[in-house]
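Residue numbers (our numbering), protein chains in the order written: chain A, 19 to 144; chain B, 70 to 371.
Heads up, the beta-carbon is just placed ideally off N, CA and C, and yes, glycines get one too.
These numbers come from a predicted model, not from an experiment.
Encoded as C-alpha cells, the structure appears first; notes follow it.
Set out below in C-alpha cells:
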C-alpha cells in the first residue's frame, strides 16, 4: 500500500470546474490547412531589458511570439468560449475524438497549462 | 437503467489480475503490481499484489501486513470478522477482512491469498461501509482474479483490451496521451503492443503504411491483410537484415529471430493498434494468432 498525503493544493474536481478565458489581446491567423497561429506579446525579462539598454536598443519592452496549433489544439481552442468549463471541454474532446476519458483529461489539461504559462488564457472561477 | 456509478461492469485487468469496477471509475496510478482506481480524482480503491509466490500461511502475512502498514503508512488496522453472508465465488481465495484508519481518512479492506497461485493481494477501499450482500464492494471483491484459468491472459486498461499468451511477462510500459506501449517478454520472445490515437488526426496527412514506418523500422513492403470500410490492417514479416544476406541452412535459420509487425486502423474507434512480435520462425505465426488487441477507448457515460 502507499501513503496518501492530503495537500493544501487546489483539488482537481474543483480545478476542472474552472472556465478558461482567452486573452483578448491574442491574435489568430487561420492557415489553409485549418491550423491556427496565435500571435501574442511577451514582455522582456528585466535581465534582457538591461542588456537591451546597454547595447542602446530602446525599441519597446515586449516582443511578438507565435504559436501554431495543430488540429487537436484548434479543437480545444475553439471549445473555449468563455462559458464552458474544463471538465466539459475534456468530455467534448474525448467524445469528438473517441478517446479514453483519462487520456483526454491529460491531453487537455497539459495543453491548457501550456497556454496558461504563455499568458494566452486565464482561468475564471465558476 | 444501470447506474454506472454503482454497477461493476468495466473490467480492469493488468499484469495477471483482473477486477470489475463501475464504468465511471478509471485508473489513477499504475505500476507493475499496484493500481489506484478513482473517479473524478476521488480515490475509490487501491489494489496491490505480489508477483513472487508466497510460501507461508495467510495468518503470518496478516501479522506482517498489520505491523508494516501501521509503521510505514501511519494507519491503524483493525481485524474485521468475515461478513456472515459472504460466500467466496472463487474457492481458492482465503480472506482477511479489515478496517483501516489514518488521521484524515478511514475505510475497509481485504487481504486475499490465492491457494492456487500463492499470490497475496490487498484491496483497500477509501470509504467505510458495512458489508452488505450484493453490495458494490462485495461485487468488486467477488470479481477479483489473480490468475488466468486458461493459457491466455486478459489485459484491459485505458480503453485497451488485450489477449496474450499467459507466459509473456511485463517488461516496460508507458501510457502517454495518444501513445500507449506495453512491452513483454517470454525467454527469447519479445512482444510489443501499441495503441495510437486519435487516428483521424494521425492519418490526416499520411497513410497507415507510412505511419507504421515512422514508428518502427520496417522493410519496404508490407502485406495488406484486409481493407474494409471499418478497418485496415497491414502486416510485415522479416528476419534481421544481418542474417538476410547470409546463406544460413534452414535448420539454423528457423531458430533465428523472426519479426512480425501488424498494424490496424479501426475507424469506428478512431484508433491505430500495433503488435510487434520477435520469436523463432517456427513459433512466430502460431503465437501471433494468440495475440489480440482492440480499443474500447471512448465510453459514453451519463
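Taking the DSSP output, what are the residues bridged to residue i?
i: residue 163(B); result: 182(B)
i: residue 83(B); result: 86(B)
i: residue 62(A); result: Partner(s): none; residue 62(A) has no beta bridge.
i: residue 98(B); result: 105(B)
i: residue 336(B); result: For residue 336(B), which the question treats as bridged, DSSP gives no partner whatsoever.
i: residue 105(A); result: Per DSSP, none; premise fails for residue 105(A).
i: residue 116(B); result: 104(B), 192(B)
i: residue 169(B); result: 146(B), 176(B)
i: residue 47(A); result: 55(A)
i: residue 224(B); result: 231(B)
i: residue 348(B); result: 327(B)
i: residue 139(A); result: 40(A)
i: residue 197(B); result: Beta-bridge pairing links residue 197(B) to no other residue.
i: residue 91(B); result: 77(B)
i: residue 342(B); result: 264(B), 333(B)
i: residue 122(B); result: According to DSSP, residue 122(B) bridges with nothing at all.
i: residue 1(A); result: With chain A running from 19 to 144 in the structure shown, residue 1(A) is simply not present.
i: residue 238(B); result: 254(B)
i: residue 111(B); result: 108(B)
Identify, in the order they occur along the chain, each residue of the same chain with its Cβ nearer than 8 angstroms to the Cβ of residue i, setting aside the five sequence neighbours on each side.
i: residue 67(A); result: 79
i: residue 299(B); result: 335, 336, 337
i: residue 132(A); result: none
i: residue 187(B); result: 122, 123, 124
i: residue 126(A); result: 94, 104, 107, 108, 111
i: residue 357(B); result: 329, 331, 344, 346
i: residue 43(A); result: 58, 59
i: residue 144(B); result: 138, 169, 170, 171
i: residue 151(B); result: 164, 166
i: residue 110(B); result: 97
i: residue 138(A); result: 40, 41, 44, 56, 58, 85
i: residue 121(A); result: 112
i: residue 144(A); result: 35, 36, 37, 103
Just to confirm my understanding: we take residue i, look at its own chain, exclude 5 residues before and 5 after, and list those with CB closer than 7 angstroms. What are they?
i: residue 123(A); result: 108
i: residue 61(A); result: 79, 80
i: residue 129(A); result: 91, 94
i: residue 240(B); result: 252, 253, 254
i: residue 80(B); result: 87, 89, 225
i: residue 271(B); result: 265, 280, 341
i: residue 147(A); result: In the structure displayed, chain A extends from 19 to 144; residue 147(A) sits before or after that span and is not available.
i: residue 161(B); result: 183, 184, 185
With a cut-off of 8 angstroms on the beta carbons, I'd call residue i and residue j a contact; round off their distance for me.
i: residue 147(B); j: residue 168(B); result: 5 angstroms
i: residue 353(B); j: residue 332(B); result: No, residue 353(B) and residue 332(B) are not in contact; Cβ-Cβ is about 16 angstroms, not under 8 angstroms.
i: residue 266(B); j: residue 85(A); result: Their Cβ separation, rounded to whole angstroms, is 23 angstroms, which puts residue 266(B) and residue 85(A) out of contact at 8 angstroms.
i: residue 264(B); j: residue 340(B); result: 6 angstroms
i: residue 176(B); j: residue 193(B); result: 6 angstroms
i: residue 260(B); j: residue 360(B); result: 7 angstroms
Take residue i and list the residues in its own chain whose beta-carbon comes closer than 6 angstroms to its own, dropping the five residues that flank it on each side.
i: residue 33(A); result: none
i: residue 78(B); result: 92
i: residue 243(B); result: 250
i: residue 136(A); result: none
i: residue 191(B); result: 117, 180
i: residue 142(A); result: 37, 39
i: residue 27(A); result: Residue placement at residue 27(A) is poorly supported in this model, since its pLDDT is 49, which falls under 50; the coordinates still yield a value, given next. Cβ neighbours of residue 27(A) beyond the five flanking positions: none.
i: residue 213(B); result: 88
i: residue 204(B); result: none
i: residue 268(B); result: 334, 339, 340, 341
i: residue 348(B); result: 258, 356
i: residue 182(B); result: 127, 163, 189
i: residue 25(A); result: Note that residue 25(A) scores a pLDDT of 43, beneath 50, so its modelled location is shaky; the value from the coordinates is reported in the next line. Around residue 25(A): no qualifying Cβ.
Taking the beta strand (DSSP E) that residue i belongs to, which residues open and close that run?
i: residue 158(B); result: No beta strand (DSSP E) holds residue 158(B); DSSP gives it neither H nor E.
i: residue 131(A); result: No beta strand (DSSP E) contains residue 131(A), which is instead part of the alpha helix (DSSP H) from 119-135.
List the endpoints of the continuous alpha helix (DSSP H) containing residue i.
i: residue 364(B); result: Segment 361-364 is the beta strand (DSSP E) holding residue 364(B); no alpha helix (DSSP H) there.
i: residue 205(B); result: 205-212
- Message: Report the start-end ranges of each beta strand (DSSP E) in the stretch 241-311 of chain B that is 3 residues or longer and not cut off at the edges.
- Response: 248-255, 258-265, 292-296, 300-308
- Continuous beta strand (DSSP E) assignments of at least 3 residues falling wholly in the stretch 72-101 of chain A: 80-87
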